[in-house]
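In what follows, a single structure is set out as C-alpha cells and then discussed.
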C-alpha cells in the first residue's frame, strides 16, 4: 500500500537560516509522481513541484530545491535563506500511475515557522 | 479562468442536518476529487470522478455521496451530518497528474 511519511511535525527556524523538510514514501508502483504543496495560514493549497519516478534530477527554483532519491525513497525539500513568508504547512504527496485517476496520497504535513 | 471554485466558504450544521458542498471548475478537466482535511492532518480522499457520470469511492467515503452530471460540476452531499464530519473540505480537478485545488469549505457540525 502507498504511504507518505513526514516525520517532522513542526520546525522553527530563524529568518535567513536554511531548512530541509523530509518526505519518505512507499509504493509498489514503478511509475509514480511526487509532489510538494504549501498551505499558508490563509488555508489554500499551493502547488510547488511535481516529480515523476523516472526523473531523479534535483531541481532548484529560486530559494527552493528538491532532492529526489529513489534508493532511499525520499523526496526532501530545502528552503534556502528562509523568510517569514515561508511560514506555512508543507505537504508531500504521492500519486501512483496504477491508481488510474491520479489520486493523491498526502503526508500529515510539516508546519514551518520562520521567526523574524 | 476562475479555476476551481467552492461554495460556501464556511458553514455550521446541526447534527442530522444535510447539505451539499458545491464545486465547479472551468478548465475542462475530466478528473475531479473531494478531500477532507482534519486538524493537523493531511488531506484524505473522499470521492473522485474520472468524467461525467462516473464516480468512485476514495479512502473515507462513509457519510457522503457525490454525483457528476456535467464535466464542470462535482457536488458533495452530506445526508445526516455528524460531529466527525467537522473538517475542511477541498475540491480539486486535474490534468496530467497535476491537481488544482479550490479554496476549501470549512464545515462545523455541532
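Protein chains in written order, with this note's numbering: chain A, 1 to 116; chain B, 117 to 226.
All C-beta atoms, glycine included, are put in the ideal place defined by N, C-alpha and C.
{"Item": "Can you tell me which of the three DSSP states residue 6/A falls into?", "Value": "coil"}
{"Item": "Rounded to the nearest angstrom, what separates residue 61/A and residue 67/A at their Cα positions?", "Value": "12 Å"}
{"Item": "Measuring only between beta-carbons, confirm whether residue 119/B sits less than 8 Å from chain A.", "Value": "no"}
{"Item": "Going by alpha carbons, who is nearest to residue 192/B out of 220/B, 131/B and 145/B?", "Value": "220/B"}
{"Item": "For the 8 Å Cβ check, are there 3 or more pairs between the segment 48 to 62 of chain A and the segment 125 to 137 of chain B?", "Value": "no"}
{"Item": "According to DSSP, simplified to helix, strand and coil, what is residue 160/B?", "Value": "strand"}
{"Item": "Name, please, each residue of chain B whose Cβ falls closer than 7 Å to the Cβ of residue 45/A.", "Value": "206 and 217"}
{"Item": "Let me know the secondary structure DSSP gives residue 72/A once reduced to three states.", "Value": "helix"}
{"Item": "Within this structure, are the beta carbons of residue 216/B and residue 102/A separated by less than 8 Å?", "Value": "no"}
{"Item": "Name the DSSP beta bridge partners of residue 12/A, please?", "Value": "113/A"}
{"Item": "Is it buried or exposed for residue 55/A, if we count other Cβ within 10 angstroms and need 16 for buried?", "Value": "exposed"}
{"Item": "Measure how close the beta-carbons of residue 115/A and residue 14/A come, nearest whole angstrom, since I'm counting them as under 8 Å.", "Value": "5 Å"}
{"Item": "Which residues of the segment 131 to 148 of chain B have a Cβ closer than 8 Å to any Cβ of chain A? Give them in chain order.", "Value": "147"}
{"Item": "Just grab the DSSP bridge partners of residue 138/B for me.", "Value": "123/B"}
{"Item": "Anyone know if the C-beta pair for residue 75/A and residue 34/A falls short of 8 Å?", "Value": "yes"}
{"Item": "Can you pull the DSSP bridge partners for residue 193/B?", "Value": "136/B and 181/B"}
{"Item": "Between the Cα of residue 168/B and the Cα atoms of 177/B, 188/B, 151/B and 181/B, which residue gives the shortest distance?", "Value": "188/B"}
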